[in-house]
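In this note's numbering, the protein residues as written are 271 to 515.
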């Protein structure tokens with residue numbers, strides 16, 4: 271791997287949108303769009319690893335996506351399982367750790383077993399972490415964290431006044447992972463779609479009209495170049511940042 275550019279984000283999150291529209295425009299089934307989207311996942315993970323991104327979070331399947339037609343959901347689950355099986359050897363070769371976030375108990379047992387096995391095999395890899403947000407909803411995640419902290423307070427293990435941002439973040443699915451520096455949304459939609467609502471508080475947002483099946487290495491590099499031109503102030507003024515430089 272080449273030395274990491276210090277101006278690149280450590281953590282990139284992607285809302286992978288547009289598989290269905292890509293297929294519809296070509297007279298194909300939505301399932302074929304998802305199959306093509308899987309190729310984009312493979313390409314983007316590889317390119318992110320190559321340029322030195324440390325964390326890559328992919329919004330693969332939302333909690334709301336369970337409402338889609340049963341045949342489409344079944345096909346997505348099958349694609350996810352195949353992806354895990356086909357990529358685990360590459361993850362081991364390149365030191366990529368896989369971690370899944372979301373309400374994973376809703377996954378079919380065979381898919382969940384495959385996910386846990388890949389997580390187990392890659393747990394010690396430390397060159398890059400790929401987070402798959404599966405059966406994921408940010409509001410549900412926040413509510414789950416609140417319940418977990420409430421139980422600790424009830425049991426006397428935590429005082430209410432000790433709950434600060436750091437403590438709350440430790441109860442989220444992304445505990446131990448830095449917040450995303452850059453969020454990429456494909457297909458031109460201007461919304462977060464219930465994705466990482468807590469973690470995206472200060473994240474730079476990049477939206478492209480490119481549909482996910484067409485989002486490949488050149489599109490990722492464009493997003494990264496755009497990020498490098500941003501000035502992240504975190505509430506401070508430009509003058510303060512200049513003094514700190």
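Positions of the beta carbon are idealized from the N, C-alpha and C atoms, including for glycine.
Only a predicted model underlies this, so the values are computations on that prediction, with no experimental measurement involved.
As summarised for the segment 334-384, the continuous alpha helix (DSSP H) elements at least 4 residues long and confined to that stretch are 340-364, given in chain order. Under the three-pair Cβ rule at 8 Å, the segment 421-428 does not count as touching the segment 476-490.
In the DSSP assignment, residue 485 is bridged to no other residue. Sequence-distant partners of residue 288 (beyond 5 residues in either direction) whose C-beta falls short of 6 Å from its own C-beta, in its chain, are 456, 457, 481, 482. By the Cβ neighbour-count rule, residue 384 is buried, with 16 or more other Cβ atoms within 10 Å of its own. In this structure, the CA atom of residue 346 is about 43 Å from the CA atom of residue 431.
Across the set 372, 392, 397, the C-alpha of 372 shows the shortest separation from the C-alpha of residue 415.
In this structure, the beta-carbon distance from residue 453 to residue 318 does not fall below 7 Å. Counting along the chain, residue 293 sits inside the alpha helix (DSSP H) bounded by residues 289-295. Take residue 391, set aside five residues on each side of it, and the residues of its chain with a beta-carbon closer than 7 Å to its own are 358, 362, in chain order.
Nearest to residue 303 by C-alpha distance, out of 286, 314, 438, is 286. Remark: C-beta atoms of residue 300 and residue 290 approach each other more closely than 7 Å. Counting C-beta atoms within 10 angstroms of its own C-beta, residue 407 has 16 or more neighbours from the protein chains shown and is therefore classed as buried. Going by C-alpha positions, residue 393 is about 19 Å away from residue 442.
The beta carbon of residue 493 sits closer than 6 Å to the beta carbons of 454, 476 from its chain, once the five residues preceding and following it are set aside; these are given in chain order. Boundaries of the alpha helix (DSSP H) harbouring residue 305: 300-321, taken from the DSSP string. DSSP places residue 462 outside both helix and strand once states are collapsed to three, so it counts as coil. Nearest in C-alpha terms to residue 439, of all of 367, 499, 411, is 411. Setting aside the 5 residues that flank it on each side, residue 381 is surrounded in the same chain by 347, 350, 351, each with a C-beta closer than 7 Å to its C-beta; the list follows chain order.
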